[in-house]
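Participant:
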Amino acid sequence: MLNINNLHVKLEEEDKVILKGVNLNIGPGEVHAIMGPNGSGKSTLSYVLSGRDGYEVTDGSASLEGAELLEMEPEERAAAGLFLAFQYPVEIPGVGNMTFLRTALNAQRKARGEEELSAGDFLKLVREKAKTLKIDADMLKRPVNVGFSGGEKKRNEILQMAVLEPKMCILDETDSGLDVDAMKLVSDGVNALRDGKRSFLVITHYQRLLDHIKPDVVHIMAAGRIIKTGGPELALEVENNGYADLLAEVQ
Ligand code: ADP
Ligand code: MG
Ligand code: MG
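Residues 1 to 251 in UniProt numbering are what the sequence shown spells out, letter by letter.
Printed below as a string of structure tokens:
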């Protein structure tokens with residue numbers, strides 16, 4: 001599904017290299033987690049995959065189902081099935097949540113050469129998804145993320161994911177902002193969207209989120225590289241011993 005090969009990334013504005021040869025292969029239906037100390041490049045990886053400005057890829061490649069991602073515009077990546085739940089979801093005053101979702105979905109359908117959904121069909125779809133995810137219909141009418149609590153923003157992210165039906169979901173969570181309820185929301189949402197084909201990359205600083213979202217594979221990232229890959233037990237090892245032992249191993 002997602003194949004990242006020897007990815008090197010620097011900041012566009014300064015000579016600061018952030019990713020120093022990242023390799024990652026996520027198969028269909030797999031859930032991978034990336035953990036690692038602050039500043040190791042986890043968020044940068046998700047930003048580069050989504051096509052955010054400010055980064056320069058100096059070497060390597062990344063593909064989604066064989067299609068080269070790094071040459072696509074951000075909208076093309078979304079249409080190809082990539083979804084990134086942002087660390088700090090943006091507020092869009094004046095744009096209703098429904099309108100935002102419908103515009104996003106129809107833009108993706110159009111880019112794939114599919115017919116746009118009518119207002120009625122969209123309403124039906126979004127109500128059905130909201131119901132499954134136990135999301136209050138009121139939230140659909142409010143401006144995107146404006147005045148949403150942390151939990152509501154998370155709920156909204158999950159709803160976006162459910163409506164857009166991406167193939168590859170990337171969730172970058174600064175767990176500091178996730179209380180127990182929000183964590184349960186995110187994990188229930190992710191688990192509800194797991195269907196054996198859709199893949200997930202869950203970026204997290206702490207192990208506790210992975211108690212709820214059982215990953216197939218856990219990667220440890222440090223200083224711009226993946227330094228260790230293992231099963232769920234690797235997350236527990238980090239929880240118990242911190243990163244120091246792992247960092248020492250690779251030095
Ligand atoms: P993580 O998500 O693992 O905490 P980040 O990807 O946010 O790490 O950051 C990796 C490193 O790159 C850090 O040292 C950070 O300060 C630096 N960095 C990332 N983006 C920028 C930027 N736009 N300007 C300056 N430094 C940046
Ligand atoms: Mg950070
Ligand atoms: Mg980060």
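Virtual Cβ for every residue (Gly too), placed ideally from N, Cα, C.
Every value quoted in this text rests on a predicted model; they were computed, and no experiment measured them.
Return no unless some Cβ of chain C is closer than 9 Å to the Cβ of residue 214.
Facilitator: Within the model displayed, chain C is absent; a lone protein chain is all it includes.
Participant: Taking all protein chains shown into account, do 16 or more other C-beta atoms lie within 10 angstroms of the C-beta of residue 235, making it buried, or fewer, making it exposed?
Facilitator: Against the sequence shown, residue 235 aligns to sequence position 235. The residue is buried, with at least 16 neighbouring Cβ atoms inside 10 Å.
Participant: What are the start and end residues of each continuous beta strand (DSSP E) run of 3 or more residues lying completely inside the region 105-133, in chain order?
Facilitator: Correct list: empty.
Participant: Less than 8 Å separating the Cβ of residue 13 from some heavy atom of ligand 1?
Facilitator: Working through the sequence shown from its first residue, we reach residue 13 at position 13. Residue 13 Cβ: within cutoff of ligand 1.
Participant: Let's test the definition: count the other Cβ atoms within 10 Å of the Cβ of residue 217 and tell me whether it reaches 16, buried, or not, exposed.
Facilitator: On the sequence shown, residue 217 is found 217 positions in, with the first residue counted as 1. Counting Cβ neighbours within 10 Å, residue 217 comes out buried, since at least 16 surround it.
Participant: Can you check DSSP and say which residues form a bridge with residue 32?
Facilitator: Here residue 32 corresponds to residue number 32 of the sequence shown, with the count starting at 1. According to DSSP, residue 32 bridges with 201, 217.
Participant: Under a three-way DSSP split, which group does residue 230 fall into?
Facilitator: Along the sequence shown, one-based indexing puts residue 230 at 230. It is a strand residue.
Participant: Once DSSP output is grouped into helix, strand and coil, what is the label at residue 38?
Facilitator: Counting from one through the sequence shown, the residue named residue 38 turns up at place 38. Three-state DSSP puts residue 38 in coil, outside helix and strand.
Participant: Run the CB neighbour count on residue 67, radius 10 Å, all protein chains shown included, and call it buried at 16 or more, exposed below.
Facilitator: Reading the sequence shown from its first residue, position 67 is the one you call residue 67. Counting Cβ neighbours within 10 Å, residue 67 comes out exposed, since fewer than 16 surround it.
Participant: Go through the residues and name those whose CB comes closer than 5 Å to any heavy atom of ligand 1, in chain order.
Facilitator: This criterion selects 18, 38, 39, 40, 41, 42, 43, 44.
Participant: Using the C-alpha atoms, what's the distance from residue 99 back to residue 11?
Facilitator: The residue labelled residue 11 in the question sits at position 11 within the sequence shown. The residue labelled residue 99 in the question sits at position 99 within the sequence shown. If I take the Cα positions, the gap works out to 34 Å.
Participant: By the DSSP assignment, the beta strand (DSSP E) with residue 20 in it spans what residues?
Facilitator: Translated into positions along the sequence shown, residue 20 becomes position 20. Where residue 20 is concerned, the enclosing beta strand (DSSP E) stretches over 17-26.
Participant: Looking at residue 223 and residue 40, is the spacing between their C-beta atoms short of 9 Å?
Facilitator: Residue numbering aside, residue 40 sits at position 40 when the sequence shown is read from its first letter. Residue numbering aside, residue 223 sits at position 223 when the sequence shown is read from its first letter. Contact flag set, yes.
Participant: When the Cα atoms are used, what is the spatial distance from residue 42 to residue 35?
Facilitator: Locating residue 42 in the sequence shown gives position 42, where the first residue counts as 1. Locating residue 35 in the sequence shown gives position 35, where the first residue counts as 1. In a straight line, the C-alpha of residue 42 is about 8 Å away from that of residue 35.
Participant: For residue 97, is the classification buried or exposed, using 16 other Cβ atoms within 10 angstroms of its Cβ as the cut-off for buried?
Facilitator: In the sequence shown, the residue the question calls residue 97 occupies position 97. Label assigned to residue 97: buried.
Participant: Give the secondary structure of residue 247 by DSSP, where H, G and I count as helix, E and B as strand, and everything else as coil.
Facilitator: Looking up residue 247 in the sequence shown gives position 247. Residue state, collapsed to three classes: helix.
Participant: What does DSSP give as the partner residues of residue 5 in its beta bridges?
Facilitator: To locate residue 5, count along the sequence shown from 1; it is residue 5. Beta-bridge pairing links residue 5 to 61.
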